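**Q**
In my numbering, the protein residues as written are 186 to 570.
#1: If you check the beta carbons only, do residue 273 and residue 279 fall under 8 Å apart?
#2: Taking its Cβ as the centre, do 16 or more other Cβ atoms sit within 10 Å of residue 256, making it buried, or is it exposed?
#3: With 16 as the cutoff for other CB atoms within 10 Å, does residue 282 come out buried or exposed?
#4: In angstroms with no decimal places, state the Cα-to-Cα distance between residue 377 and residue 528.
#5: Do you know offhand how far residue 199's Cα is from residue 410's?
#6: So residue 230 is in the alpha helix (DSSP H); what residue range does that whole segment cover?
#7: DSSP has residue 326 in a bridge; who is on the other side?
#8: When we look at the beta-carbon of residue 197 and count the other beta-carbons within 10 Å, is it buried (16 or more) or exposed?
#9: Verify whether the separation of the beta carbon atoms of residue 324 and residue 286 is less than 8 Å.
#10: With DSSP as the reference, label residue 444 as helix, strand or coil.
#11: Would you report the Cα separation of residue 188 and residue 419, rounded to the nearest angstrom?
#12: Quick check on DSSP: helix, strand or coil for residue 221?
#13: Could you pull out every residue in the same chain whose Cβ sits closer than 8 Å to the Cβ of residue 458, ignoring the five residues on either side in sequence?
#14: In terms of residues, what are the limits of the alpha helix (DSSP H) holding residue 535?
#15: Could you tell me which uninterrupted alpha helix (DSSP H) segments, each at least 4 residues in length, are contained entirely in the segment 334-407, listed from first to last along the chain?
#16: What do you get for residue 526, buried or exposed, if any count of 16 or more other CB atoms within 10 angstroms of its CB means buried?
#17: Is the segment 448-463 touching the segment 235-251 in the sense that three or more CB pairs, one from each, lie closer than 8 Å?
#18: Taking residue 299 as the reference, give the member of 289, 305 and 306 with the closest Cα.
#19: By the DSSP assignment, the beta strand (DSSP E) with residue 550 in it spans what residues?
#20: Going by other Cβ atoms of all chains shown within 10 Å of its Cβ, with 16 needed for buried, is residue 389 buried or exposed?
#21: What did DSSP end up calling residue 299 once you bin it into helix, strand or coil?
#22: With a 10 Å radius around its C-beta and 16 neighbouring C-beta atoms as the bar for buried, classify residue 303 as buried or exposed.
#23: Buried or exposed for residue 213, please, with buried defined as at least 16 other CB atoms from any protein chain shown within 10 angstroms of its CB.
#24: Quick check: what's the CA-CA separation for residue 369 versus residue 505?
#25: State whether the segment 303-318 contacts the segment 553-565, with contact taken as three or more CB pairs (one from each stretch) at a distance under 8 Å.
#26: Rounded to the nearest angstrom, what separates residue 336 and residue 297 at their Cα positions?
#27: If the criterion is Cβ atoms closer than 8 Å, does the pair residue 153 and residue 260 meet it?
#28: Give the range of the beta strand (DSSP E) segment to which residue 264 is assigned.
#29: For the alpha helix (DSSP H) holding residue 252, just list the boundary residues, first then last.
#30: Once you ignore the five residues that flank residue 398 on each side, which residues in its own chain have a CB closer than 7 Å to its CB?
#31: Let's see if you can read the secondary structure: which residues bound the alpha helix (DSSP H) around residue 437?
#32: What first and last residue would you give for the beta strand (DSSP E) that runs through residue 577?
#33: Going by CA-CA distance only, name the one from 517, 534, 568 and 543 that's closest to residue 554.
This is the structure:
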């Protein structure tokens, strides 16, 4: 698809219940109407297949993981960043740790904390303070300077030689740039209100899908997903939600002071701020919705028939010994075939209690998960819906 210049075409304002963005009218748009409150669910045995609970290996003391700060996947290798331990661990998709690297292994002039973890082609990029570490799936690494673009934009990602840059709206600034493709503006903000932009998402550029060299851009107070590729914006998914959970743009942009903003927040806790995380999985978009009140929930949307499945509506049953599917940390990854989540050992305690209530005998391996020295990798597939 030919890249569309911001200055070379007329722009249109999308009329959604949320922050207005300006972009080329030539970009394909798929409109999807959904109601998360009416999302399907049911028992694990009816919604999940090939479910495995895999304790992350702890053969050496260096492999112990106390707390997970970030987890990503690239070409079948999973990387876990633990800032508390100042290390990154690489493992296969069965939870076997193959490499563990500490900050001291990078031999920098001074030790810098590992701050971010991003998948890249054939490995990962660790963001430090002044440097970045290119790490392949075998644990070999190269130290590079941070890309200049990350020092200017609020967020950025690379798809091979393509750089996408996100720009947070700035109060008292005439620059309305929202998204750039290789330095070329392709989305701008329609209008700004400092109180309307004071709530943000965890990420505005999704983690890249290295299998398809694609990613998504998303914005607070807006229900559009922009599918990004190496040649430009490929598609816009325009979601329309029921009025009772959609933000009222007129109210949002007419807030005059802090008192008005506090009142708006108090009265709109159930309204959707936007999409906090996005994954592409087969024919589905996996979206972590986040409300103004901070509630987060994963849903799966079939992009063909627009059916919706809510992960919180999938109930553990005897088939998986009543174990949770997703942990409290809400981590969810995809390699295109499987989905992966992370549980801490103490999160399996509820399964023991439920099994006792139901007079159910847990499989030995599942019963022993609570004794695991490391977190547990959950690997599964979604059944078609």
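Glycine included, every Cβ here is placed at the ideal spot set by N, Cα and C.
Treat the numbers as computed from the prediction; the structure is a model and nothing was measured.
**A** Based on what the coordinates show:
#1: Along the chain shown, one-based indexing puts residue 273 at 88. Along the chain shown, one-based indexing puts residue 279 at 94. Not closer than 8 Å, so no.
#2: Position 71 of the chain shown, counted from the first residue, corresponds to residue 256. Flag for residue 256 reads buried.
#3: Within the chain shown, the letter at position 97 stands for residue 282. Result: buried.
#4: Translated into positions along the chain shown, residue 377 becomes position 192. Translated into positions along the chain shown, residue 528 becomes position 343. Each residue's alpha carbon lies about 40 Å from the other.
#5: For this step, residue 199 is matched to residue 14 along the chain shown. For this step, residue 410 is matched to residue 225 along the chain shown. No answer about residue 199 holds up, because its pLDDT of 37 lies below 50 and its placement is not dependable.
#6: The residue you call residue 230 lines up with position 45 of the chain shown. DSSP places residue 230 inside the alpha helix (DSSP H), whose first and last residues are 229-232.
#7: Here residue 326 is taken as the residue at index 141 of the chain shown, counted from 1. Answer is 320, bridged to residue 326.
#8: In the chain shown, residue 197 corresponds to position 12, counting from 1. At residue 197, the pLDDT of 36 sits below 50, so the modelled position is not reliable; the number obtained from the coordinates is stated separately. By the neighbour-count rule (16 or more Cβ atoms within 10 Å), residue 197 is not buried but exposed.
#9: Start at 1 with the first residue of the chain shown, and residue 324 comes out as number 139. Start at 1 with the first residue of the chain shown, and residue 286 comes out as number 101. Contact flag set, yes.
#10: Position 259 of the chain shown holds residue 444. Looking at residue 444 - three-state DSSP - the assignment turns out to be helix.
#11: Here residue 188 is taken as the residue at index 3 of the chain shown, counted from 1. Here residue 419 is taken as the residue at index 234 of the chain shown, counted from 1. Per-residue confidence for residue 188 stands at a pLDDT of 40, beneath the threshold of 50, marking its modelled position as unreliable; the derived number appears in the next sentence. About 9 Å.
#12: Translated into positions along the chain shown, residue 221 becomes position 36. Note: residue 221 maps to helix in three-state DSSP.
#13: Taking the chain shown and counting its residues from 1, one reaches residue 458 at position 273. Excluding sequence neighbours, residue 458 sits near 384, 386, 405, 406, 432, 475, 476 and 477.
#14: In the chain shown, residue 535 corresponds to position 350, counting from 1. Residue 535 -> alpha helix (DSSP H) spans 534-542.
#15: none
#16: Against the chain shown, residue 526 aligns to sequence position 341. Label assigned to residue 526: buried.
#17: no
#18: By 1-based counting over the chain shown, the position of residue 299 is 114. When only C-alpha atoms are compared, the closest one is 289.
#19: Looking up residue 550 in the chain shown gives position 365. Not the beta strand (DSSP E): residue 550 falls in the alpha helix (DSSP H), residues 549-552.
#20: Stepping through the chain shown from its first residue, residue 389 is reached at position 204. Buried, by the Cβ-count rule.
#21: Here the question's residue 299 lines up with position 114 in the chain shown. If DSSP states are grouped into helix, strand and coil, residue 299 belongs with coil.
#22: To locate residue 303, count along the chain shown from 1; it is residue 118. When all chains shown are included, residue 303 counts as buried.
#23: One-based indexing of the chain shown puts residue 213 at position 28. Around the beta carbon of residue 213, a 10 Å sphere encloses fewer than 16 other beta carbons of the protein chains shown; the residue is thus reported as exposed.
#24: Stepping through the chain shown from its first residue, residue 369 is reached at position 184. Stepping through the chain shown from its first residue, residue 505 is reached at position 320. The straight-line gap from Cα to Cα measures roughly 50 Å.
#25: No, they do not touch.
#26: Taking the chain shown and counting its residues from 1, one reaches residue 336 at position 151. Taking the chain shown and counting its residues from 1, one reaches residue 297 at position 112. Residue placement at residue 336 cannot be trusted, given a pLDDT of 44 that sits under 50; what the coordinates show is reported in the next sentence. One C-alpha to the other measures close to 17 Å.
#27: Look at the range of the chain in this structure, 186 to 570, and you will see that residue 153 is not part of it.
#28: Residue 264 sits at position 79 when you count from the first residue of the chain shown. Following the DSSP letters along the chain, one finds residue 264 inside the beta strand (DSSP E) bounded by residues 262-267.
#29: Counting from one through the chain shown, the residue named residue 252 turns up at place 67. Where residue 252 is concerned, there is no enclosing alpha helix (DSSP H), given that its DSSP letter is neither H nor E.
#30: Position 213 of the chain shown, counting from 1, holds the residue named residue 398. Excluding residues within five positions, the ones whose Cβ falls inside 7 Å are 344, 345, 414 and 415.
#31: Position 252 of the chain shown, counted from the start, is the residue given in the question as residue 437. 434-438 is the span of the alpha helix (DSSP H), which, as asked, contains residue 437.
#32: This structure cannot speak to residue 577, because the chain is shown only from 186 to 570.
#33: Within the chain shown, residue 554 is the residue found at index 369, counting from 1. Here the closest residue by C-alpha is 534.
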